[in-house]
Amino acid sequence: MSDIATIHESSHSPSSAATAGEVYGLIAEFIEPNDVVRAARRAYRAGYRKMDGYSPLPVAGLAEAIGFKKNRVATLVLIGGVTGACSGMFMQWFASTVHYPLIIAGRPYASWPSFVPITFELGILFAAFSAVFGMLILNGLPQHYHPIFNAPGFDLASQNRFFLCIEATDPKFHLTQTREFLESLGARNISLVEH
Amino acid sequence: MAQVHSTHGHEDNGHASSEILGGHQSYTTVTDTIADVVLKRPLGKAWLFGFAISFALLMMFLFAVTNLLVRGIGIWGVNIPVGWGFDIVNFVWWIGIGHAGTLISAILLLLKQDWRTSINRFAEAMTLFAVACAGLYPLMHMGRPWLFYWLMPLPNTMALWPQFRSPLEFDVFAVSTYATVSLLFWYVGLIPDLATLRDRATNPLIKKLYAIPALGWRGSAIHWHRYRTAYLLLAGIATPLVVSVHTIVALDFTIGIIPGWHTTVFPPYFVAGAIFSGFAMVATLAIPLRSYFGLKDYITDKHLDNMAKVMLVTGLIVTYGYMIEGFMAWYGANTYERYQMLVDRPTGAYKHDWWLLILCNCVMTQLLWFKSIRNNIILLWLISLVINVGMWLERYVIVVISLHSDFLPSSWGMYHGTVWDYMTFYGTIGLFMTLMFLFVRILPAISIAEMRELVHELHERDEARTQATPPAARTV
Chain L
868 MSDIATIHES
878 SHSPSSAATA
888 GEVYGLIAEF
898 IEPNDVVRAA
908 RRAYRAGYRK
918 MDGYSPLPVA
928 GLAEAIGFKK
938 NRVATLVLIG
948 GVTGACSGMF
958 MQWFASTVHY
968 PLIIAGRPYA
978 SWPSFVPITF
988 ELGILFAAFS
998 AVFGMLILNG
1008 LPQHYHPIFN
1018 APGFDLASQN
1028 RFFLCIEATD
1038 PKFHLTQTRE
1048 FLESLGARNI
1058 SLVEH
Chain U
67 MAQVHSTHGH
77 EDNGHASSEI
87 LGGHQSYTTV
97 TDTIADVVLK
107 RPLGKAWLFG
117 FAISFALLMM
127 FLFAVTNLLV
137 RGIGIWGVNI
147 PVGWGFDIVN
157 FVWWIGIGHA
167 GTLISAILLL
177 LKQDWRTSIN
187 RFAEAMTLFA
197 VACAGLYPLM
207 HMGRPWLFYW
217 LMPLPNTMAL
227 WPQFRSPLEF
237 DVFAVSTYAT
247 VSLLFWYVGL
257 IPDLATLRDR
267 ATNPLIKKLY
277 AIPALGWRGS
287 AIHWHRYRTA
297 YLLLAGIATP
307 LVVSVHTIVA
317 LDFTIGIIPG
327 WHTTVFPPYF
337 VAGAIFSGFA
347 MVATLAIPLR
357 SYFGLKDYIT
367 DKHLDNMAKV
377 MLVTGLIVTY
387 GYMIEGFMAW
397 YGANTYERYQ
407 MLVDRPTGAY
417 KHDWWLLILC
427 NCVMTQLLWF
437 KSIRNNIILL
447 WLISLVINVG
457 MWLERYVIVV
467 ISLHSDFLPS
477 SWGMYHGTVW
487 DYMTFYGTIG
497 LFMTLMFLFV
507 RILPAISIAE
517 MRELVHELHE
527 RDEARTQATP
537 PAARTV
């Protein structure tokens, strides 16, 4: 299954023409983190794919429960770190042997051991940039507007409530059936999220 | 079914309490308590008083720096033979203080020490502000700070490059990387909390001000997943970084041939000393902070006890470093080194500083063996102040005593800080405290999201324990 975040962006697709225009999805509120994970698993088993969980703390297993698999942050950090270290070493080698060769303390021009600290620091710097900006870009942040904030009581998603939202672009989405399904999961409140 | 929305759920969820989390806490109580310090609490008299003093010191700093820029570093006490005076002492002191923040936020995270949660945010802030203070000193010491970009490998018409084989150039990269990574780490940790403040703020302007740096964070499960990975990896790369930074600071000295500097024990004992002074500074700040803002349930006596233990261990490592320095000077049979370490330091012109250093760092620290002293908050606070002084003296001893008497007695000389040195030093304390005072008012001093996570974990652990206990035992 592909990266779910990319699906958010295509939520305007005409697949469920009756609702997609105004409705973003149906959101269910839960009190305990374990309840939302259970609900997400059952929704995935019931065939829903376009959904997301919202929580004030990282809930173990919630992303996996809604079918998220590919977390590319670690790869990006590795690429960033290796790029940083290689360019650091190259810069020092180039400056010391090609562009401005100088004999310092009787060492050879390419005295690589003395280039190690700066190589290391630049590796760390690039890795850190890739971790932070990679995470933000993959998450699509900063984002000025997102319809989920229209959900009533959603301000609690950053405080003490856990939410599961099934999006209208899901082929299985149906206003009444999905609502009934969410009710069967033991959700506390179910509300309509508009665009 | 009708749409019933609970706009404001009143039920509490995820109850927990333990040694590292006092009272009976839930997601709601941790969120309310920590966020209200920022959003609801009026400016207290004590805060205003403290801020006013810090701000006055900051103004004194600006005055001292202005005079420095107008008249040059001749207003300081530095001269040959002691060309590195207060500026390098303070640089090393501040950067060492910063290191505890990274240690708490990164290394203790990787070691799954859950007591770090409630102190990591302001320890990271302390790191940032301390590194800012540290970075100012080498810049000012350059004499013409507006040419600082000469340190960077930038294309220039003279086709010159910085000297990449020098530890001073390593330092440029190490400290700037350290400052950048600390800022990123701190900011990433803040994003979910900024979202919480955005959602709780009632004043539309304040809401907007928190919304912008919150970047539209909505707590999506997928976002959290990537966020956790990024945060853990940042911790993973910050760990070797913090060790490398103080190692490189130590190399600034060891690669010089000055007696008292040219020794291989410096990097490890500098790192231990950095953690030692940093934890002392965390304790110095945490003790008043928790009582003033009523956060004793989050920064508990257990936290202070653990910090005291870290101070004790690193203090012993530092003491071991002093002993090895003395031993190697004797065993190495280098006349200059032996004179420096065994004669000049304990009996020379600066002997008072050296003995005071031993008293602060080696003798006073031994008090922390006793549980009754670790649990006496006032005593612990005083000891943390003593350690801060001791670690400053350590750098003073290393920089000044080593330089004032090198190989040729004809070039020996004395160094004393001038009034401008002291004004600059106390001025950076003002800068640090001003930033700290603003920080505790504007941003949550304890990570709210991580405290919720802690509540969740403790809650799960409690439930697992209750289920594991047979019903008969439960009633007893």
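These protein sequence lines map, in sequence, to chains L and U. Note that our numbering numbers the first sequence so that position 180 is 1047, with each residue one more than the last. Note that our numbering numbers the second sequence so that position 312 is 378, with each residue one more than the last. We put the CB at the ideal spot given by N, CA and C, even for glycine.
Establish whether the CB of residue i and some CB of chain U are separated by less than 7 Å.
i	result
H1013 (chain L)	yes
F935 (chain L)	yes
Y976 (chain L)	no
G1053 (chain L)	no
A910 (chain L)	no
Q1044 (chain L)	no
L1049 (chain L)	no
I893 (chain L)	According to the sequence displayed, residue 893 (chain L) carries Leu and not Ile. No, its Cβ sits nowhere closer than 7 Å to a Cβ of chain U.
P1009 (chain L)	yes
N1006 (chain L)	yes
P968 (chain L)	no
I874 (chain L)	In this prediction, I874 (chain L) scores a pLDDT of 41, lower than 50, which makes its location untrustworthy; no coordinate-derived value is stated.
I991 (chain L)	yes
Under three-state DSSP, which class holds residue i?
i	result
N1027 (chain L)	coil
V1060 (chain L)	strand
E899 (chain L)	coil
Y967 (chain L)	coil
L176 (chain U)	helix
E876 (chain L)	In this prediction, E876 (chain L) has a pLDDT of 40, which is less than 50 and means its spatial position is unreliable; what the coordinates show is noted afterwards. Residue state, collapsed to three classes: helix.
D870 (chain L)	Low per-residue confidence applies at D870 (chain L): pLDDT is 43, beneath 50, and the placement is therefore not dependable enough to give any value.
L281 (chain U)	coil
L501 (chain U)	helix
I163 (chain U)	helix
S286 (chain U)	strand
D259 (chain U)	helix
P475 (chain U)	helix
L361 (chain U)	coil
What number of angstroms, rounded off, separates the C-alpha of residue i from the C-alpha of residue j?
i	j	result
R527 (chain U)	H90 (chain U)	15 Å
V241 (chain U)	T193 (chain U)	12 Å
P1009 (chain L)	W283 (chain U)	8 Å
M67 (chain U)	F1030 (chain L)	Because M67 (chain U) carries a pLDDT of 34, less than 50, the predicted location of this residue cannot be relied on, and no value is offered for it.
I119 (chain U)	Y358 (chain U)	17 Å
M431 (chain U)	M377 (chain U)	This sequence places Thr at residue 431 (chain U); Met is not what is there. In a straight line, the C-alpha of T431 (chain U) is about 8 Å away from that of M377 (chain U).
T95 (chain U)	T183 (chain U)	16 Å
A1101 (chain L)	I288 (chain U)	Residue 1101 (chain L) is absent from the model: chain L starts at 868 and stops at 1062.
S471 (chain U)	R210 (chain U)	28 Å
T132 (chain U)	V465 (chain U)	25 Å
R107 (chain U)	P510 (chain U)	12 Å
Y93 (chain U)	F1021 (chain L)	16 Å
H71 (chain U)	H1013 (chain L)	Low confidence applies to H71 (chain U): its pLDDT is 38, below 50, so where it sits in the model is not reliable enough to give any reading.
F345 (chain U)	G164 (chain U)	9 Å
E519 (chain U)	R294 (chain U)	12 Å
Is the beta carbon of residue i sitting closer than 7 Å to the one on residue j?
i	j	result
W420 (chain U)	V463 (chain U)	yes
T262 (chain U)	S1025 (chain L)	yes
G928 (chain L)	A994 (chain L)	no
L123 (chain U)	G493 (chain U)	yes
W447 (chain U)	I353 (chain U)	yes
G496 (chain U)	S922 (chain L)	no
A515 (chain U)	D180 (chain U)	no
C199 (chain U)	F498 (chain U)	yes
Y967 (chain L)	W216 (chain U)	no
I971 (chain L)	R231 (chain U)	yes
T305 (chain U)	A166 (chain U)	no
F239 (chain U)	L300 (chain U)	no
P185 (chain U)	I170 (chain U)	The question names Pro, but residue 185 (chain U) is Ile in the sequence shown. Yes; because the gap between Cβ atoms is below 7 Å, this pair is in contact.
F319 (chain U)	F332 (chain U)	yes
G267 (chain U)	F505 (chain U)	The question names Gly, but residue 267 (chain U) is Ala in the sequence shown. Cβ distance not < 7 Å, so A267 (chain U) and F505 (chain U) don't count as in contact.
Comparing the C-beta of residue i with each C-beta of chain L, is any distance below 7 Å?
i	result
E460 (chain U)	no
G285 (chain U)	yes
H81 (chain U)	no
G162 (chain U)	no
F157 (chain U)	no
W290 (chain U)	yes
In the DSSP assignment, what are the bridge partners of residue i?
i	result
A82 (chain U)	U:Q91
D919 (chain L)	L:C1032
V890 (chain L)	L:E1061
Taking 6 Å as the cut-off, is the beta-carbon of residue i closer than that to any non-hydrogen atom of the ligand SAH?
i	result
L299 (chain U)	Ligands are entirely absent from the displayed structure, and the ligand SAH is therefore not among its contents.
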